[in-house]
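Okay, so here's the structure we're looking at.
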Amino acid sequence: MTREQFIKSRQKDWARFEQLLKKSEFSRKPSLTGEEISEFSSLYRSLCFDLSLVQSRDWGLTVSRYLNDLAARGHNCFYRSKPGSVVAVVRFVASDFPRLLRENIGYFWLALALFVIPGLVAGTLIAIDVSWASRIVSTEHQAMFDKMYSGNMERPEDANAAMAGFYVHNNIGIAFRCYATGAFAGLGSIFFLIYNSIFLGAVTSFVAVKGHGERFFSFVIGHGSFELTAIVVSGAAGLILGHAMVHSGKLSWWDNLRVRGLVSVKIALGAAFMLAVAALLEGFWSPSGVPSAVKFVVGGLLWLVVILYLGFAGRSLNPDEDGELSG
Amino acid sequence: MATTIVDTRTEIETPENVTLTFDVAGPGSRMGAFLIDLMIRIGLLYVLNLVVAFLLPIFGQGLPAGMMLVTMFILEWWYGTICEGFWNGRTPGKRTFGLRVIKDAGYPIGFYDAMLRNLLRAADILPIGYGVGLICMCATKKMQRVGDLVAGTMVVHERRESLQRPAMASSRVTPIEKAECVGTFHVSERTMDVVERLLGCSHRLSDARQEEIAVILAKPIAARLGVPILVGRFRHTAFLTRVLKTFGGHEESAK
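Protein chains in written order, with this note's numbering: chain A, 2 to 328; chain B, 62 to 316.
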């Protein structure tokens with residue numbers, strides 16, 4: 002058979018395949034009828050056969066490229082992943098994310114230590130001698146914080162939405178950067194965790210020393226539950242990624258990176274979800290005019306919610322099933 | 062395969078046991094796609110700004126400003142994820158340049174793959190202007206930046222090849238007669254394919270450039286056939302046209 006005869010005899014099938022491809026490529030929903038799908042798959046198989054035939058003959062680039070292109074598109078179409086759904090989102094928040102985090106709880110504890118210890122040290126130093134504060138927080142910022150927490154914490158009503166937007170933009174951005182820079186063997190995440198820890202520790206201590214403790218803590222306790230925990234979670238995600246970059250365990254470096262990368266990005270997505278909740282709290286609840294006592298109680302409850310959520314959400318009643326989920 | 066050719070192709074074996082070839086996209090076209098996407102993002106932000114300015118007197122400052130910030134966040138961190146995740150590996154910029162993100166095993170990407178490679182931009186973009194990403198792309202065969210490595214994805218050029226033949230050899234061209242030929246009266250199909258491709262490019266190449274390339278092709282073919290190349294300014298192109306007319310094997314289908 003010459004090339005020309007071959008092309009002539011098969012061309013009709015290829016054109017039909019291309020037609021079906023065009024029909025299904027444009028939407029994610031299955032747009033082919035049952036009959037068309039079985040036609041598609043049999044055409045795809047014969048196309049693959051044609052391609053390997055052409056590759057084994059020396060018939061030049063035109064026809065082999067054309068078939069390669071068609072087969073690649075078919076392959077892309079045939080092995081497409083399932084479209085996402087609202088159910089999947091709910092399941093992610095309600096169980097997948099906390100489960101994944103618990104499976105990798107070691108990273109969380111490490112990130113927590115990195116986020117707590119430097120801040121405690123910085124805060125203690127400032128509590129002993131307030132002049133330390135100027136080494137961490139610039140004098141203008143000191144004056145700003147001093148003023149911010151000395152007066153009434155309430156904002157004009159309509160600034161709340163703007164601030165909530167700001168927290169989404171700023172805080173989730175920081176969390177994502179903290180996660181992504183974990184790709185450098187975890188160093189970026191470690192830096193972000195320690196840096197934020199020292200800064201927050203210093204500010205907290207400074208404000209307390211200045212005597213604004215009650216106002217400050219009643220403001221931060223509510224959203225702090227989700228916000229601070231989420232920063233640690235994003236750091237933990239970065240550490241998972243960084244660990245996979247340098248150590249691969251039983252799998253090959255590539256395979257391990259794929260598996261762990263997927264785990265880490267899911268955890269980072271969970272952190273983003275928590276920060277979105279925190280932004281709403283910080284925007285609308287924390288600055289509200291309710292008495293401090295109420296804020297402390299609600300804030301305490303919110304911490305409990307976070308702990309219960311991360312600690313228990315998605316745990317099945319049957320302990321045997323718990324071990325099933327991996328990766 | 063006996064020899065490894067250094068180029069930007071990458072081969073994948075499918076479950077159907079055929080080898081598919083993909084053209085991996087390099088930094089140039091990807092940068093172009095990135096710039097187009099950047100312009101789209103800035104454009105969207107600008108439009109939103111106008112909307113906000115319009116809403117300000119109605120809702121006061123807070124809500125529109127908050128909306129603006131949330132949109133900025135989405136455009137900054139989710140633009141790529143949303144486009145690639147829901148549009149089978151393409152953003153408008155990638156579409157313009159004929160690029161698509163696929164798994165490095167040839168499969169379409171999923172939502173988490175898109176998210177992974179787009180979040181890790183924050184690492185690739187360091188220290189300045191995608192420095193890390195560029196170095197990583199140069200160091201990997203499939204030109205993957207860090208985000209691609211972790212997500213197991215690559216960016217490929219999508220060709221849209223067609224089987225269209227060059228509208229060829231008008232009846233004025235005389236085929237080479239067998240009698241005319243001193244050497245072997247045969248040109249391999251593979252060589253004919255190259256000839257066809259060259260002649261099919263005449264709308265993209267200048268005549269002079271086409272002639273330049275034709276020289277390289279025509280000389281060995283003429284030597285093998287033992288047919289002299291005639292005179293004239295574009296004699297090599299003309300010779301190839303005759304070869305095509307003779308050995309193209311689709312005279313009956315030519316118009």
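For glycine and all other residues, C-beta sits at the position ideal for the given N, C-alpha and C.
None of the values given here were measured: they were computed from a predicted structure.
Asked: Extract the residue ranges of the alpha helix (DSSP H) inside the segment 22-59 of chain A, only unbroken runs of 4 or more that lie entirely within it.; Found: 35-57
Asked: By DSSP, does LEU266/B sit in helix, in strand, or in coil?; Found: coil
Asked: Thinking C-alpha only, which one of ARG92/A, GLU37/A, THR63/A and ALA269/A is nearest ASN172/A?; Found: ALA269/A
Asked: Rounded to the nearest angstrom, what separates GLY27/B and LEU258/A at their Cα positions?; Found: The structure shown does not extend to residue 27/B, since chain B spans only 62 to 316, so no value can be given for it.
Asked: Grouping DSSP H, G and I as helix and E and B as strand, with all else coil, what is GLU137/B?; Found: helix
Asked: Can you check whether the C-beta of HIS224/A is within less than 8 Å of a C-beta belonging to chain B?; Found: no
Asked: Just list the residues that DSSP pairs ARG70/B with in beta bridges.; Found: ASP84/B
Asked: Roughly how far, in whole angstroms, is the beta-carbon of GLY159/B from the beta-carbon of ARG178/B, given that I think they are within contact range, below 8 Å?; Found: Not quite, the Cβ-Cβ distance comes to about 19 Å (not below 8 Å), so this is no contact.
Asked: PHE83/B touches chain A at which residues, Cβ-Cβ below 8 Å?; Found: ALA73
Asked: Please confirm whether TRP286/A has its beta-carbon closer than 8 Å to some beta-carbon of chain B.; Found: no
Asked: Just list the residues that DSSP pairs PRO292/A with in beta bridges.; Found: Paired residue(s): none; PRO292/A is not in a bridge.
Asked: Give the straight-line distance between the Cα atoms of ASP268/B and LEU286/B, rounded to the nearest whole angstrom.; Found: 25 Å
Asked: Would ASN77/A pass as an interface residue toward chain C - the criterion being a Cβ-Cβ separation below 8 Å?; Found: Among the protein chains in the structure shown, which are A and B, there is no chain C.
Asked: Straight-line CA distance for ALA299/B to ARG251/B?; Found: 20 Å
Asked: Just to confirm, is the Cβ distance from LEU102/A to GLY236/A under 8 Å?; Found: no
Asked: Quick check: the Cα distance between LEU52/A and GLY75/A, rounded to an integer number of angstroms?; Found: 12 Å
Asked: Any idea what DSSP makes of SER314/B, helix, strand or coil?; Found: In this prediction, SER314/B scores a pLDDT of 39, lower than 50, which makes its location untrustworthy; no coordinate-derived value is stated.
Asked: Any beta carbon of chain A sitting closer than 8 Å to that of VAL207/B?; Found: yes
Asked: Do the segment 91-107 of chain B and the segment 135-142 of chain B touch if we need at least three Cβ pairs shorter than 8 Å?; Found: yes
Asked: Under 8 Å between C-beta atoms, does PHE185/A make it to chain B?; Found: yes
Asked: Along chain B, which residues have their Cβ under 7 Å away from the Cβ of PHE177/A?; Found: TRP138, LEU180 and ALA183
Asked: In whole angstroms, what is the alpha-carbon distance linking LYS296/A and VAL306/A?; Found: 15 Å
Asked: What is the residue span of the alpha helix (DSSP H) that HIS244/A lies within?; Found: 214-247
Asked: Helix, strand or coil: how does DSSP classify PRO169/B here?; Found: strand
Asked: If I follow the unbroken alpha helix (DSSP H) through ARG182/B, where does it start and stop?; Found: 182-185
Asked: Given that ASP163/B touches chain A, what residues does it touch there, using C-beta distances under 9 Å?; Found: The sequence shown places Ile at residue 163/B, not Asp. In chain order: ALA73 and ASN77.
Asked: Answer with buried or exposed for TRP255/A, where buried requires no fewer than 16 other C-beta atoms within 10 angstroms of its C-beta.; Found: exposed
Asked: Quick one: is GLY127/B buried, meaning 16 or more other Cβ sit within 10 Å of its Cβ, or exposed?; Found: buried
Asked: Go ahead and label LYS13/A buried or exposed: buried means 16 or more other beta carbons lie within 10 angstroms of its beta carbon, across all protein chains shown.; Found: exposed
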